[in-house]
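Take a look at the structure set out below.
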Amino acid sequence: MSTEALVAVSDAHSPTRTFTLNRPAAMNSFTGAMHGELLAALDAAAGTPEVRCIVITGAGRAFCAGQDLSDPDAAPGKDLGALIEAHYLPLVQRIRSMPVPVIAAVNGVAAGAGANLALACDFVLAARSASFIQAFAKIGLVPDTGGTWLLPRLVGHARATGLAMLGDKLPAQDAAAMGLIWQCVDDAELPQATEALATRLAAMPARALVATREALAAAHGMDLVEAIKNEARLQTRLGSAHDYLEGVDAFRNKRAPVFTDR
Ligand code: T3D
Numbered sequence: 239m240s241t242e243a244l245v246a247v248s249d250a251h252s253p254t255r256t257f258t259l260n261r262p263a264a265m266n267s268f269t270g271a272m273h274g275e276l277l278a279a280l281d282a283a284a285g286t287p288e289v290r291c292i293v294i295t296g297a298g299r300a301f302c303a304g305q306d307l308s309d310p311d312a313a314p315g316k317d318l319g320a321l322i323e324a325h326y327l328p329l330v331q332r333i334r335s336m337p338v339p340v341i342a343a344v345n346g347v348a349a350g351a352g353a354n355l356a357l358a359c360d361f362v363l364a365a366r367s368a369s370f371i372q373a374f375a376k377i378g379l380v381p382d383t384g385g386t387w388l389l390p391r392l393v394g395h396a397r398a399t400g401l402a403m404l405g406d407k408l409p410a411q412d413a414a415a416m417g418l419i420w421q422c423v424d425d426a427e428l429p430q431a432t433e434a435l436a437t438r439l440a441a442m443p444a445r446a447l448v449a450t451r452e453a454l455a456a457a458h459g460m461d462l463v464e465a466i467k468n469e470a471r472l473q474t475r476l477g478s479a480h481d482y483l484e485g486v487d488a489f490r491n492k493r494a495p496v497f498t499d500r
């Protein structure tokens with residue numbers, strides 16, 4: 239693993255590719271350069287058929303403190319909306335369109351855009367000492383990086399409002415209890431728990447998992463009939479793919495399936 243990079247990339251021998259946000263002295267807050275490295279790394283993984291699961295985590299005691307507030311691009315008076323459109327929107331779009339599942343392994347504090355980057359992933363596993371902070375209101379901003387869309391869908395309007403307006407530090411255990419994240423584990427167990435989940439997901443039918451991500455997101459804007467029609471459309475597509483044939487054959491022959499579609 240390269241430790242010089244702003245985003246350290248794990249060795250290429252595993253079906254799981256791990257990206258470690260690597261500006262620990264600044265709590266892994268985002269600069270334009272770090273955005274560029276993370277997006278390039280995600281693009282490369284998306285184009286590599288052997289990659290079947292992505293993990294994003296942080297170096298040191300933070301996961302990510304959002305935008306680097308010392309960066310000249312974020313200085314008061316700059317067009318912050320342009321910064322969001324240039325960097326955070328493409329990042330969330332890339333994560334949500336990855337052809338494989340994405341896990342956020344939240345090792346420490348996740349604040350501002352760092353919190354919402356984690357919430358945009360398919361799974362959030364967090365260390366017990368980690369926390370989530372919608373820090374935006376404290377500096378006179380609204381939640382961005384998808385926060386206004388993600389929060390109410392994950393925890394409902396009342397809790398989304400409280401988290402977004404008050405900006406309190408939410409411990410990982412409370413985040414798991416209210417359904418904001420998938421799981422909170424003891425700090426020492428985070429690496430193993432992440433690896434176990436990634437290994438499990440990597441062996442699953444990636445194309446079906448990604449279609450599930452899309453269907454769950456799309457269903458929010460649909461009534462029940464529309465949602466079922468969307469499910470039917472997806473089953474039509476998936477039902478003629480290799481992984482369905484493989485899954486059914488493996489079931490009939492009482493063997494473990496080998497899924498390859500992405
Ligand atoms: O451009 C725009 O603003 C638009 C885009 C917005 C997207 C956003 O993400 S807005 C939200 C930006 N993030 C924040 O407001 C979070 C700011 N940070 C904090 O609230 C706290 O640092 C933490 C709660 C994350 C951690 O607190 P603590 O007490 O554990 O650590 P600390 O001492 O505050 O921070 C440690 C160092 O990291 C410190 O540097 P130093 O003094 O040791 O040299 C601190 O300045 C640095 N740091 C933490 N967060 C950021 C940061 N440096 C630059 N940017 C940061 N976001």
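Be aware that the sequence shown starts at 239, since it is given in my numbering, and climbs by one per residue. Glycine residues also receive a C-beta, built at the ideal position from the N, C-alpha and C atoms.
Considering only the beta carbon of each residue, do residue i and residue j sit closer than 8 Å?
i	j	result
PHE301	ALA279	no
ALA410	ALA368	yes
HIS273	LEU329	yes
ILE292	MET336	yes
ILE419	VAL362	yes
ALA351	PHE268	yes
LEU259	ALA297	yes
Quick one: is residue i near chain C, going by C-beta distance under 8 Å?
i	result
THR450	Given the protein chain composition of this structure (a single chain), no chain C is represented.
Pick out whichever of the options has its Cα sitting closest to the Cα of residue i.
i	options	result
MET442	GLU484, ALA413, GLY477 and ALA349	GLU484
ASP481	LEU401, ALA446, ALA297 and ARG451	ALA446
GLN331	CYS359, ALA263, ASP311 and ALA488	CYS359
ALA453	ASN354, ALA436, ILE322 and ARG475	ARG475
PRO303	THR383, ARG366 and ALA436	What sits at residue 303 in the sequence shown is Ala, not Pro. Checking every option, the nearest Cα to that of ALA303 belongs to THR383.
ALA282	GLY350, ASP487, GLY298 and ILE333	ILE333
ALA364	GLY350, PRO390 and ASP412	ASP412
MET416	ALA434, LEU392 and GLU433	LEU392
GLY385	LEU259, ALA353 and ARG397	ALA353
GLU433	THR295, VAL245 and LYS316	THR295
ARG299	LEU318, LEU321 and ALA349	ALA349
GLN305	ALA444, ALA263 and GLY270	GLY270
ASP406	PRO381, PHE370, ALA414 and ALA440	PHE370
Based on DSSP bridge pairs, tell me the residues matched to residue i.
i	result
ILE419	DSSP output for ILE419 lists no bridge partner at all.
GLN305	PHE268
VAL293	THR256 and ILE341
PHE370	ALA348 and LEU408
ALA300	VAL347
ALA470	The partner list for ALA470 (beta bridge, DSSP) is empty, contrary to what the question assumes.
ALA246	THR258
ALA365	VAL423
Classify residue i as buried or exposed, calling it buried when 16 or more other Cβ atoms lie within 10 Å of its own Cβ.
i	result
ASN491	exposed
VAL338	buried
ARG261	buried
PRO310	exposed
PRO314	exposed
ASP249	exposed
VAL448	buried
LEU462	exposed
PHE489	exposed
MET239	With a pLDDT of 47 at MET239, under the threshold of 50, the predicted position of this residue should be treated as unreliable, though the coordinate-derived value follows. Looking at its Cβ environment, which holds fewer than 16 other Cβ atoms inside 10 Å, MET239 is exposed.
ALA494	exposed
VAL486	exposed
TRP464	The residue asked about is misnamed: residue 464 is Glu in this sequence, not Trp. Label assigned to GLU464: exposed.
Worksheet item: Between the stretch 241 to 253 and the stretch 283 to 297, are three or more C-beta pairs nearer than 8 Å?
Response: Segments in contact, yes.
Discussion item. So, does the stretch 427 to 444 touch the stretch 337 to 351, judging by three or more C-beta pairs under 8 Å?
Written reply: Yes: at least three Cβ pairs fall under 8 Å.
Worksheet item: Is there contact here, the stretch 415 to 424 with the stretch 445 to 459, by at least three beta-carbon pairs under 8 Å?
Response: A contact is defined here as three or more CB-CB pairs under 8 Å, and the stretch 415 to 424 fails this definition with respect to the stretch 445 to 459.
Practice prompt. Could you tell me whether the stretch 374 to 389 touches the stretch 399 to 407, where touching means 3 or more Cβ pairs closer than 8 Å?
Written response: Segments in contact, yes.
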